[in-house]
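Down below is the structure, laid out as structure tokens.
Numbering (the working numbering), first residue to last: 11 to 391.
Encoded structure:
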């Protein structure tokens with residue numbers, strides 16, 4: 011894996027560079043170099059700011075300001091600072107003579123005199139740059155390890171899916187589930203179409219005691235209104251239709267249009283959704299595990315039995331019996347269904363040729379290499 015080799019090589023190079031620059035700094039001490047760097051920065055700031063004015067024969071005020079600024083800056087520099095002679099030389103170059111004799115060449119000579127100071131300051135800059143590059147390189151190694159760890163997780167999942175009996179026919183599992191799903195979808199649709207809305211909401215309230223079914227919870231204000239209002243005897247689809255009427259038109263259909271609008275009109279979206287069978291009444295494909303479905307099917311039976319015909323309930327019970335009485339076979343066929351649902355043709359082909367297993371081993375080896383790299387190059391503090 012070329013990318014891995016690149017990040018490891020970059021990490022090792024950054025580590026060597028950090029060691030080199032750290033030794034260069036430690037030779038004179040971090041604090042001493044910081045003092046030198048700060049002094050250099052302050053002096054160069056004065057030179058850059060005043061050069062054009064101090065060399066202008068017609069700007070005596072600028073020259074005086076420059077002399078004062080330079081004097082103040084040099085006075086703040088400790089007498090025992092490293093390369094103190096360079097700062098003294100700068101002062102000698104730039105503070106002798108008069109305005110008419112100070113030139114750009116003088117400033118150039120002053121900057122040349124500061125070169126030993128600048129070299130020391132650059133040691134500190136190089137060390138700081140090396141630290142930043144080291145941290146970036148280490149982050150890249152960590153990122154690469156995370157990427158490969160995620161990829162290994164994917165390969166492990168593919169391998170686990172590939173352990174299923176990919177040739178097993180799943181009709182024994184699929185057909186009863188499809189039969190139940192079709193039946194409950196049709197039955198619930200018909201139930202909502204013909205049943206008074208207050209009874210539909212009462213069913214939803216009852217379903218709150220069966221959390222594995224997860225039917226929508228009706229708003230309290232809507233429930234209270236439909237329990238007593240005459241319009242509560244209308245089916246849900248009629249309430250949705252009335253909710254679109256104007257206030258004046260509603261007066262012909264409900265006794266209190268304002269209360270209707272407040273309770274029903276504001277919940278039109280909720281009611282409209284009830285005209286479509288909730289997914290929670292059906293069984294997904296592939297289904298959940300036998301144990302999970304056994305528990306959910308029990309609760310489904312308690313709810314479905316309140317609105318569906320006996321044939322629909324019997325289809326649900328058939329699925330429940332399969333999951334509870336023959337869980338091993340159920341889970342075997344489920345594993346086959348899950349594998350076919352999630353695995354692509356390319357993944358199936360790579361499983362058969364052993365390419366997935368080869369990549370798994372490569373990932374493990376590279377992850378170990380990256381871990382060793384991180385262990386030998388600790389984070390900076």
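Positions of the beta carbon are idealized from the N, C-alpha and C atoms, including for glycine.
Boundaries (first-last residue) of the alpha helix (DSSP H) holding residue i
i	result
residue 69	That residue, residue 69, is in no alpha helix (DSSP H); it is neither H nor E in DSSP.
residue 292	It is not in any alpha helix (DSSP H) - residue 292 carries neither H nor E in the DSSP assignment.
residue 172	125 to 172
residue 330	320 to 335
residue 97	94 to 104
residue 187	181 to 204
residue 26	12 to 36
residue 235	230 to 238
residue 223	Per DSSP, residue 223 belongs to no alpha helix (DSSP H) and is neither H nor E.
residue 359	355 to 363
residue 255	Counting along the chain, residue 255 falls outside any alpha helix (DSSP H), and DSSP gives it neither H nor E.
residue 312	300 to 314
residue 273	267 to 273
Cutoff 6 Å; reference residue i; Cβ partners in own chain excluding five residues on either side
i	result
residue 232	273, 277
residue 186	328, 329
residue 265	none
residue 120	100, 103, 104
residue 34	133
residue 348	296
Residue i, buried or exposed, once every other Cβ within 10 Å from all chains shown has been counted against 16
i	result
residue 130	buried
residue 242	buried
residue 357	buried
residue 207	buried
residue 18	buried
residue 300	buried
residue 381	exposed
residue 321	exposed
residue 26	exposed
Cβ-based neighbour list, residue i, same chain, cut-off 7 Å, excluding 5 preceding and 5 following
i	result
residue 198	287, 291, 317
residue 369	165
residue 13	154
residue 352	171
residue 159	377
residue 175	342, 346
residue 52	83
residue 284	202, 210, 246
residue 145	390
residue 373	158, 161, 162, 165
residue 21	147, 148, 151, 383, 387
For residue j and residue i, believed in contact at Cβ under 8 Å, the rounded distance
i	j	result
residue 165	residue 377	Contact doesn't hold; Cβ gap of about 12 Å is too wide.
residue 217	residue 313	5 Å
residue 87	residue 49	5 Å
residue 384	residue 141	Contact doesn't hold; Cβ gap of about 17 Å is too wide.
residue 281	residue 323	Between residue 323 and residue 281 the Cβ distance is about 26 Å, and since that is not below 8 Å, they are no contact.
residue 56	residue 24	Actually they are not in contact, since the Cβ atoms of residue 56 and residue 24 sit about 36 Å apart, beyond 8 Å.
Proximal residues to residue i (C-beta, below 8 Å), its chain only, five neighbours per side dropped
i	result
residue 75	60, 63
residue 252	241, 244, 260, 263, 264, 270, 274
residue 255	263
residue 54	121, 124
residue 195	287, 291, 292
The stretch 318 to 336 touching the stretch 297 to 308, judged by at least three CB pairs closer than 8 Å: For the pair of segments examined, the stretch 318 to 336 was found to touch the stretch 297 to 308: the number of CB pairs separated by less than 8 Å reaches three.
Three-pair Cβ contact test at 8 Å for the stretch 38 to 48 versus the stretch 91 to 105: Pairwise C-beta distances place the stretch 38 to 48 in contact with the stretch 91 to 105, as three or more of them are shorter than 8 Å.
Across the stretch 209 to 217 and the stretch 311 to 327, are there enough close Cβ pairs to call them in contact, namely three or more that are closer than 8 Å? Cβ pair count under 8 Å is three or more, so yes.
Are at least three pairs of beta-carbons, each pair with one atom in the stretch 174 to 190 and one in the stretch 219 to 229, less than 8 Å apart? These segments do not touch.
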